[in-house]
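Under the numbering used here, think of the first position of the sequence shown as 3, with each following residue one higher.
So the structure is just underneath, and the comments pick up after that.
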Amino acid sequence: MAKVEWSAGIDSVSGALSKPSKSGQHSCTKMLLGTHRVAATQSSDCNRLYLRKKTKRSTPVTENEIGARARFTAVRAAVKARSKNLSTISADQAAFEAQKNLADGKTTFNAYLWQVCGEEYDAQH
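What follows is the structure, given as structure tokens:
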């Protein structure tokens, strides 16, 4: 991964800048991929450039990875449900405003919900 600054006049690029050739004499196995992050973030670095090889994974998925994937899926579903739950939204917004200006407070409501739902998931598991 690399941080990228594009030429003057180009703010962002998103997508493949070069793709591997599927046929022909010269078959390259690498892909140059530019991404632009549009989701809310605390970082000002939103352009990335990746060089991806056209290979399969060399190691099996570990138990830690499976657990992290399960946690992410569960927390994502909980955040989505909680953000639309009218019975808790007022209390959540009040708690978010109270912690927003603290040193370790979350500055976006979505980040706050991810923290709360993540802590709930961790307490249950």
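Beta carbons: idealized from backbone N, C-alpha and C, even for Gly.
Residue i classed as buried or exposed, judged by whether at least 16 other C-beta atoms fall within 10 angstroms
i	result
Phe98	buried
Leu104	exposed
Val40	exposed
Leu115	buried
Val77	buried
Residue from the options with nearest C-alpha to residue i
i	options	result
Thr75	Cys119, Ser89 and Asn103	Cys119
Ala125	Ala79, Arg78, Arg73 and Trp8	Arg73
Asn49	Ala113, Ser92 and Glu7	Glu7
Pro22	Asp47, Leu53 and Ala100	Leu53
Asn46	Arg84, Thr90 and Ser14	Reading the sequence as shown, one finds Ser at residue 46 and not Asn. Here the closest residue by C-alpha is Ser14.
Cβ-based neighbour list, residue i, same chain, cut-off 7 Å, excluding 5 preceding and 5 following
i	result
Lys55	Thr31 and Lys32
Asn87	none
Gly107	Gln101
Own chain residues within Cβ distance below 8 Å of residue i, not counting five before or after
i	result
Thr109	Gln44 and Lys102
Ala42	Thr110, Asn112 and Ala113
Gln95	Phe111
Thr90	Arg84
Proximity of residue i and residue j at Cβ, strictly below 8 Å
i	j	result
Thr37	Ser16	yes
Leu34	Ala10	no
Ala70	Tyr123	no
Which residues DSSP lists as bridging residue i, in chain order
i	result
Lys32	Lys55
His38	Asn49
Ala83	Paired residue(s): none; Ala83 is not in a bridge.
Gly17	Gly36
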